[in-house]
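**Q** Chains as they are written, first to last, in numbering that gives the first Met the number 0: chain A, 0 to 145; chain B, 0 to 210.
Glycine included, each C-beta is placed from N, C-alpha and C at the ideal position.
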Amino acid sequence: MNPEPSESDFARLKALLALKRHEQPPPGYFDRLPGQIIARIEREAAARRRPWWERWFNAPLSSPALGWAYAGLAVALVVGGGVLGKMVRANQQVNAVKPAPVNAPASPALVIADTNGTSSPPAFLVQPGSTLVNTQQTLPAGFKQP
Amino acid sequence: MSAPGKVDVPAESLPAETATPSPDKDADLVRRAQGGDLGAYDELIRRYQERIYATIYHMTSSHEDANDLTQEALVKAWQVLGSFKGDSSFYTWLYRIAVNRTLNFLKQRGRRFQVSLNDLDAKVEHDPELVSLISHKTPRREAGLSELQEKLNEAMQKLSETHRMVVVLHDIQGLSHEEIGRILGCNTGTVRSRLFYARQQLQAHLSDYLT
Chain A
0 MNPEPSESDF
10 ARLKALLALK
20 RHEQPPPGYF
30 DRLPGQIIAR
40 IEREAAARRR
50 PWWERWFNAP
60 LSSPALGWAY
70 AGLAVALVVG
80 GGVLGKMVRA
90 NQQVNAVKPA
100 PVNAPASPAL
110 VIADTNGTSS
120 PPAFLVQPGS
130 TLVNTQQTLP
140 AGFKQP
Chain B
0 MSAPGKVDVP
10 AESLPAETAT
20 PSPDKDADLV
30 RRAQGGDLGA
40 YDELIRRYQE
50 RIYATIYHMT
60 SSHEDANDLT
70 QEALVKAWQV
80 LGSFKGDSSF
90 YTWLYRIAVN
100 RTLNFLKQRG
110 RRFQVSLNDL
120 DAKVEHDPEL
130 VSLISHKTPR
140 REAGLSELQE
150 KLNEAMQKLS
160 ETHRMVVVLH
170 DIQGLSHEEI
180 GRILGCNTGT
190 VRSRLFYARQ
200 QLQAHLSDYL
210 T
């Protein structure tokens, strides 16, 4: 049962709370604290004047959490690079075993490569009126009279 | 004589550092610090470091946390000193930074129970109020200072952060309801009701030592 606290009860409570005022930090703490704060302010001001890449590289030294974040990023990059490399190699292997397209020439012998490396059909196939047999060089069939 | 419904801490029982510093001297130091004078800021730190540290320490019950948060608050105050327009006193403004930082820290830390067991200073044995309290006829009159300290800290940690803050600022630091209202951004009625509720809670937790 908690009866309504009276003023005298609060007075005693406040006297007890006064005990907290006697809790002190280690001796000399308040002599050192201003110097530590000023040094920290100067350190942070100097850090802000450094170029961004230098701050980026030095950040893990001042913050362990940031160090772990950088380490995690490095691991993710290595693992990601490995996975990407594997995917590229697998893709190359798939391309290597792929069958030739249907409209490709039936025989490589019919594809004549010119000096530029481009292929073109044989001249007799594209010249109009050309035939497989040179008629000018063909003698008419006949019997020689002795 | 205390007004009804209000118990004032006797001025002589407050620690020396809780005496309100002169705002005029502060204004000059603040102006110089705003101009980049670190020497002036060093002087401001020396004026308020004990009060800021004590407030944070009584909230966190840890010297290490209080040290970190005091440094962070005072570095942050330097960084945003340009935004101080003098609408409130410098120490109210500084307290506000420290208090907000501490409350955010406590929210992140959660309700991890932590009891401060720092050594008491030598003056405690001569504190008349405490001597009277311990020698008073109570069911636990044999309780020593360290036991009282432990029980008090346990009871304080059972309060919510906002209620504990009001007790720390008023009953330990000796700030007025109005000053606390300005620091916490609430009206004096809220401060008074929080203080009353917090005292009731402490009263219940410490009944063996107070009745």
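Taking only beta-carbon positions, decide if B/A26 is within less than 9 Å of chain A.
**A** False, the Cβ-Cβ gap to chain A never drops below 9 Å.
**Q** Which two residues bound the contiguous alpha helix (DSSP H) that contains A/V78?
**A** Run containing A/V78: 63-95, per the alpha helix (DSSP H) assignment.
**Q** Have a look at B/D36, B/K157, B/D86, B/G35 and flag the residue whose alpha-carbon is nearest the alpha-carbon of B/Q199.
**A** Nearest C-alpha to B/Q199: B/K157.
**Q** I need the straight-line Cα distance from B/K136 to B/T54, nearest angstrom please.
**A** The predicted position of B/K136 is uncertain, since its pLDDT is 46 and thus under 50; no value can be drawn from it.
**Q** Taking all protein chains shown into account, decide if B/G38 is buried (16 or more other Cβ within 10 angstroms of its Cβ) or exposed.
**A** B/G38 should be labelled exposed.
**Q** To the nearest angstrom, how far is it from the Cα of A/G81 to the Cα of A/A46?
**A** Using only the alpha carbons, I get a separation of about 35 Å.
**Q** From this set, A/L15, A/E43, A/R48, which residue's C-alpha is nearest B/K150's C-alpha?
**A** Nearest option by C-alpha distance: A/L15.
**Q** Taking 6 Å as the limit between beta carbons, can you name the residues of its chain near B/T69, skipping five residues before and five after?
**A** So the list reads I51, Y52, I55, once near-sequence residues are dropped.
**Q** Since B/T91 contacts B/R181 with CB under 8 Å, what's their CB separation in whole angstroms?
**A** Going by Cβ atoms, the distance from B/T91 to B/R181 rounds to 5 Å, so yes, they are a contact pair.
**Q** Using beta carbons (cut-off 9 Å, strictly below), is A/R20 in contact with chain B?
**A** Yes, contact with chain B.
**Q** Applying a beta-carbon distance threshold of less than 9 Å, which residues of chain A neighbour B/L151?
**A** Per Cβ cutoff of 9 Å: L15, L16, L18, K19.
**Q** Which residues bound the alpha helix (DSSP H) around B/S192?
**A** It spans 187-204 - the alpha helix (DSSP H) in which B/S192 sits, taken as one unbroken run.
**Q** Using 9 Å as the threshold, is the C-beta distance between B/M58 and B/E160 below it?
**A** Yes, they are a contact pair.
**Q** Curious, which full-length beta strand (DSSP E) runs of at least 3 residues does the region 77-113 of chain B contain?
**A** Within the region 77-113 of chain B, no complete beta strand (DSSP E) run reaches 3 residues.
**Q** Looking at B/L183 and B/V190, is the spacing between their C-beta atoms short of 9 Å?
**A** Cβ distance < 9 Å, so B/V190 and B/L183 count as in contact.
**Q** How far does the alpha helix (DSSP H) with B/L151 in it extend, from its first residue to its last?
**A** Looking at the DSSP string, the run of the alpha helix (DSSP H) that includes B/L151 is 144-157.
**Q** For B/R100, tell me which candidate among B/V79, B/S88, B/A76, B/A72 has the shortest Cα-Cα distance.
**A** Minimum Cα distance to B/R100 is reached at B/A72.
**Q** Rounded C-beta distance between B/E42 and B/L28? I'm assuming under 8 Å.
**A** The pair is a contact, with the Cβ atoms about 5 Å apart (cut-off 8 Å).
**Q** Taking just the CA atoms, how far does B/Q172 sit from A/L173?
**A** Only positions 0 to 145 of chain A appear in the structure, and residue 173 of chain A is not among them; the question remains open.
**Q** For B/E153, which option in B/D25, B/S60, B/D23, B/G34 has the closest C-alpha, if you only look at C-alpha atoms?
**A** Here the closest residue by C-alpha is B/S60.
**Q** Quick check on this structure: which residue in B/S192, B/A65, B/S87, B/E146 has the alpha carbon closest to the alpha carbon of B/V165?
**A** Nearest of B/S192, B/A65, B/S87, B/E146 to B/V165, Cα basis: B/S192.
**Q** What's the C-alpha gap between B/G109 and A/F9?
**A** Spanning the two alpha carbons is a distance of roughly 29 Å.
**Q** Would you kindly check if the distance between the Cβ of B/A197 and the Cβ of B/R163 is under 9 Å?
**A** Yes, the Cβ-Cβ distance between B/R163 and B/A197 is below 9 Å.
**Q** Measure from the alpha carbon of A/A38 to the alpha carbon of each residue in B/A97, B/W77, B/L174, then state which is nearest.
**A** It is B/W77.
**Q** Is there a Cβ from chain A that is less than 9 Å from the Cβ of B/R140?
**A** Confidence at B/R140 is low in this model, with a pLDDT of 48, below 50, so its placement is unreliable and no value can be given for it.
**Q** DSSP state of A/P50, grouped into three classes?
**A** It is coil, neither helix nor strand.
**Q** What is the DSSP secondary structure of A/A112, reduced to helix, strand or coil?
**A** With a pLDDT of 49 at A/A112, under the threshold of 50, the modelled position of that residue is not reliable, and the figure given next carries that caveat. Reduced to three states, the DSSP call for A/A112 is strand.
**Q** Counting C-beta neighbours from all protein chains within 10 Å, is the total for B/K106 16 or more, i.e. buried, or is it exposed?
**A** B/K106 comes out exposed.
**Q** Spatial neighbours of B/I96 within its chain, please: C-beta separation below 7 Å, excluding the five flanking residues on both sides.
**A** Around B/I96: A72, K75, A76.
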